[in-house]
Amino acid sequence: MPKKNGLILSIDVGTSRCKAALFKTNGEPAGFASTSYSIKFSQNGRVEADAVEDWWKPTIRNIKELIKKTKGAPSNIIAVGVSCTNGIVPVNEEGKPVGNAIMQFDKRTTELVGFYSKKLNDEELFEITGNRLAAGSYALPTIVWLKENAKDVYKKAASFLYPSGYIASNLTGKFSIDYTRAATTLFYDMQKKVWSTELLNFFSVKPEKLPPIFSSSDVIGTVTKSASKETGLPEGIPVVAGAMDTYSAVVGLDKIKHNDTSLILGTVARLCKTVIARGVLKSDFTNIECGSKKFLSIACMDGIGTSYNWFNDAVGSKNGAGGTASIDPCSGGLIYLPYLVGERSPIWDPYVKGVLFGIEPGHRREHIYRAIIEGCGFAVRSNIEIMSSEAGLETGNLVVPETGFGNYPEWLQTISDITGCEINTVKIEDPECTGTAALAAIGAGEAKETSSFVKRSAKSGKKYKPSKERKKAYDSYFIIYNKLYTDLKGDFRILKEIRNSLR
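In this text, residue positions in the sequence shown follow numbering that gives the first Met the number 0: the first is 0, and each later residue adds one.
Pasting the structure below:
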């Protein structure tokens, strides 16, 4: 029986925002706060964040804002959960950062990955971890890079934490990682559910550099006196391990049954498929374990939010460009490759860059903006087709939360037209915070499962059905979209070499 007047605090560290939300123990939302921050891109391919300034201080502000405006807080808060984006921060024994966090867009490990790819057996690595070796996407290359190129940082690091583990450490004084995030380190043996001794030995990484592994709803500690003083939270509140933000979002959308498909359109677009058989997982995608005999296969597309932000910065806009709905598919021949920061699924190419192909004198900013939307739609379609053909996973209707670009009808209709999938939206304040709260409620003994908890936060939204006429046009342009990458693939590497030689 849920505790009367009890509240669950949910924290999510995203790629561009830190968020916090309060929920009643029955799943009803009680408050929401967020603070934006900007990760730092540099010309040499490095992408970093300041864990204190970008994650911890905004989290404190969000918590204090919630306490101020929510009845019953903070005394009725009975549990805390944390979810997070992809990034690794080295910390000392006290949990203090000894260097900046290295984010998922970071490409400093590209050459290192190329070197070790020749020494590792891809099939054996996939058999152990369920994933592939890639720059930025996984912690292993980043940790090995620090060991080889920033020895002082590596030596000072008592542990390497994801944002959720860092926030949880600040709250409890204890290091932790959950199974979903452990899977994205590439040191995790997905079958044995432990750190892989074989991989740790191969890369000469000490096992004590990695935190203890927990289930997402496990209590890893309680709010300390010092954390209570900083945040205003009562001392002694249990903190659960939390989860990868994508898994939390899928839980928040209640899409955790076999073959459920969801599309989350944030800074990174994530096409998610829940499966019950490890055998269907493919290295085209990021794969995580998410409970007893359940796996989440995720196609991560890095260029969605960065393309939108680039357009706004380049043309002096704030919210894209209006007047695009009546424009013909691909503006009669304008095609965009949304690869500004390289790409993960399905091509896994850190060298690739953005391309605007077929531009003419008559094209204006609304045509370019339209091309960006379509390029992102083509990226989604590429992953859907691989999930359907190579992995044998049926992808029918797409469930999309009305957050991020899920709030933009022109984006959703375009993606529907390009993919041929019906899109059903879900009205929800924040799926990541909702799912994380559900996991924390289980950890606190206030819920037995997530489904009933999240249903109080989510409502059915709009439906977008594909246009057969526009789908036919997009089919033709999709062929060119794919061919462009194939034709230019080698040139992107040459371009990188030229830039490096001129520095």
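Beta carbons: idealized from backbone N, C-alpha and C, even for Gly.
Distance check for G315 and I336, CA to CA, integer angstroms please.
Counting from one through the sequence shown, the residue named residue 336 turns up at place 337. Counting from one through the sequence shown, the residue named residue 315 turns up at place 316. In the sequence as presented, Ile is not what sits at residue 336; that position holds Leu. When rounded, the distance between both Cα atoms is 21 Å.
Counting pairs of Cβ atoms below 8 Å between the stretch 402–416 and the stretch 371–389, do you hit three or more?
Yes: at least three Cβ pairs fall under 8 Å.
Which residue from C432, S225 and E147 puts its Cα closest to that of Y246?
Within the sequence shown, residue 246 is the residue found at index 247, counting from 1. Of C432, S225 and E147, the residue nearest in Cα terms is C432.
Leaving out five residues on either side along the sequence, give the residues of the same chain with a beta carbon under 6 Å from the beta carbon of R16.
Taking the first residue of the sequence shown as 1, we reach residue 16 at position 17. S33 and S35, listed in sequence order.
Which of helix, strand or coil does DSSP assign to I154?
As a working note, residue 154 is residue 155 in the sequence shown. A quick correction: the sequence has Lys, not Ile, at residue 154. Note: K154 maps to helix in three-state DSSP.
Please go through the same chain and pick out, in chain order, the residues whose beta-carbon is closer than 6 Å to the beta-carbon of E421, but skip the five residues on each side of it.
In the sequence shown, counting from the first residue as 1, residue 421 sits at position 422. For E421, where only same-chain residues beyond five positions count, the Cβ hits under 6 Å are N396 and K464.
For F40, does the three-state DSSP call read helix, strand or coil?
What you label residue 40 is simply residue 41 of the sequence shown in a count that begins at 1. If DSSP states are grouped into helix, strand and coil, F40 belongs with the strands.
Which of the three DSSP states, helix, strand or coil, is assigned to Y463?
Locating residue 463 in the sequence shown gives position 464, counting from the first residue. DSSP places Y463 in strand when its eight states are reduced to three.
In this structure, does DSSP put H428 in helix, strand or coil?
Residue mapping note: residue 428 aligns to position 429 of the sequence shown, counting from 1. The amino acid at residue 428 is misidentified as His; the sequence shows Glu. Coil, per DSSP.
Cβ atoms of A440 and A78: under 8 Å apart, would you say?
As a position in the sequence shown, residue 78 is number 79, starting the count at 1. As a position in the sequence shown, residue 440 is number 441, starting the count at 1. Yes, the Cβ-Cβ distance between A78 and A440 is below 8 Å.
For T305, which residues of its own chain have a beta-carbon under 6 Å away from its beta-carbon, when the five flanking residues on both sides are left out?
Here residue 305 refers to the residue found at position 306 when the sequence shown is read from its first residue. Answer for T305: L339 and V340, listed in chain order.
At least one CB of chain B closer than 8 Å to the CB of V218: is that the case?
Looking at the structure shown, chain B is missing, and only one protein chain is on hand.
Can you check DSSP and say which residues form a bridge with R16?
Counted from its first residue, the sequence shown places residue 16 at position 17. According to DSSP, R16 bridges with S35.
Which complete alpha helix (DSSP H) runs does the stretch 239–285 hold, if anything under 4 residues is left out?
Here the runs fully enclosed are 244–251.
For D301 and P233, I'd like the C-alpha separation in whole angstroms.
Mapped onto the sequence shown, residue 301 falls at position 302. Mapped onto the sequence shown, residue 233 falls at position 234. So the two alpha carbons sit approximately 38 Å from each other.
For W144, which three-state DSSP category applies?
The residue you call residue 144 lines up with position 145 of the sequence shown. Three-state DSSP puts W144 in a helix.
With distance defined between alpha-carbon atoms, name the residue in G361, N85 and H362 nearest to W54.
Along the sequence shown, read from residue 1 onward, the residue named residue 54 stands at position 55. The residue with the shortest Cα to Cα distance from W54 is N85.
Suppose contacts are defined by Cβ-Cβ distances below 8 Å. Is A240 in contact with A167 by that definition?
For the purposes of this step, residue 240 is taken as residue 241 along the sequence shown, with counting starting at 1. For the purposes of this step, residue 167 is taken as residue 168 along the sequence shown, with counting starting at 1. Yes; because the gap between Cβ atoms is below 8 Å, this pair is in contact.
Between V398 and K254, is the Cβ-Cβ spacing less than 8 Å?
As a working note, residue 398 is residue 399 in the sequence shown. As a working note, residue 254 is residue 255 in the sequence shown. Yes, the pair counts as a contact, with Cβ atoms nearer than the cut-off.
Under 8 Å, do N99 and D177 count as touching if we go by C-beta distance?
Along the sequence shown, read from residue 1 onward, the residue named residue 99 stands at position 100. Along the sequence shown, read from residue 1 onward, the residue named residue 177 stands at position 178. Taking 8 Å as the Cβ cut-off, N99 and D177 do not qualify as a contacting pair.
In whole angstroms, what is the alpha-carbon distance linking F477 and E365?
Counting from one through the sequence shown, the residue named residue 477 turns up at place 478. Counting from one through the sequence shown, the residue named residue 365 turns up at place 366. Each residue's Cα considered, the two are about 20 Å apart.
Identify whether Y307 lies in helix, strand or coil by the three-state DSSP scheme.
Along the sequence shown, one-based indexing puts residue 307 at 308. DSSP places Y307 in helix when its eight states are reduced to three.
Mind checking whether V238 and T171 have CB atoms under 8 Å apart?
For the purposes of this step, residue 238 is identified with residue 239 of the sequence shown, where counting begins at 1. For the purposes of this step, residue 171 is identified with residue 172 of the sequence shown, where counting begins at 1. Yes, the pair counts as a contact, with Cβ atoms nearer than the cut-off.
From the DSSP output, which residues share a beta bridge with L494?
The residue given as residue 494 occupies position 495 in the sequence shown. None; L494 has no bridge partner.
Considering only DSSP beta bridges, list what K458 is partnered with.
Position 459 of the sequence shown, counted from the start, is the residue given in the question as residue 458. Partner(s): K426.
Can you tell me whether P206 is buried or exposed, with buried defined as 16 or more other CB within 10 angstroms of its CB?
The sequence position of residue 206 within the sequence shown is 207, counting from 1. P206 comes out exposed.
If we count the other Cβ atoms within 10 Å of its Cβ and call it buried at 16 or more, is G80 buried or exposed?
Numbered from 1 along the sequence shown, position 81 holds the residue referred to as residue 80. With 16 or more Cβ atoms within 10 Å of its Cβ, G80 is classed as buried.
Would you call the CB atoms of G129 and A182 closer than 8 Å?
Taking the first residue of the sequence shown as position 1, residue 129 is located at position 130. Taking the first residue of the sequence shown as position 1, residue 182 is located at position 183. Yes; because the gap between Cβ atoms is below 8 Å, this pair is in contact.
Considering Cα atoms alone, identify which of G419, K482, P140 and D429 is closest to K471.
Indexing the sequence shown from 1 puts residue 471 at position 472. The option with the nearest alpha carbon to K471 is G419.
For the stretch 311–342, list the beta strand (DSSP E) runs that are entirely contained and at least 3 residues long, ordered along the chain.
As far as the stretch 311–342 is concerned, its whole beta strand (DSSP E) runs of at least 3 residues are 334–336.
Between G332, W347, G13 and A268, which lies nearest to E359 when the distance is taken from Cα to Cα?
Taking the first residue of the sequence shown as 1, we reach residue 359 at position 360. Checking every option, the nearest Cα to that of E359 belongs to G332.
Using 8 Å for Cβ pairs, my map puts Y165 next to V90. What's the rounded Cβ distance?
In the sequence shown, residue 165 corresponds to position 166, counting from 1. In the sequence shown, residue 90 corresponds to position 91, counting from 1. So it is a contact: roughly 7 Å between Cβ atoms.
So, at 6 Å on beta carbons, what are the nonlocal neighbours of P430 in its own chain, with the 5 sequence-adjacent residues on each side left out?
For the purposes of this step, residue 430 is taken as the residue at position 431 of the sequence shown. Cβ neighbours of P430 beyond the five flanking positions: A248, G251, L252 and P400.
Excluding the 5 residues flanking A72 on each side, which residues of the same chain have their C-beta closer than 7 Å to its C-beta?
Counting from one through the sequence shown, the residue named residue 72 turns up at place 73. Hits under 7 Å: L6, L21, L65 and I66.
Taking only three categories from DSSP, how would you classify P162?
Within the sequence shown, the letter at position 163 stands for residue 162. Here P162 sits in helix by DSSP.
At the level of alpha carbons, what is the spacing between A437 and S163?
Residue numbering aside, residue 437 sits at position 438 when the sequence shown is read from its first letter. Residue numbering aside, residue 163 sits at position 164 when the sequence shown is read from its first letter. Taking the straight line joining both Cα atoms gives about 16 Å.
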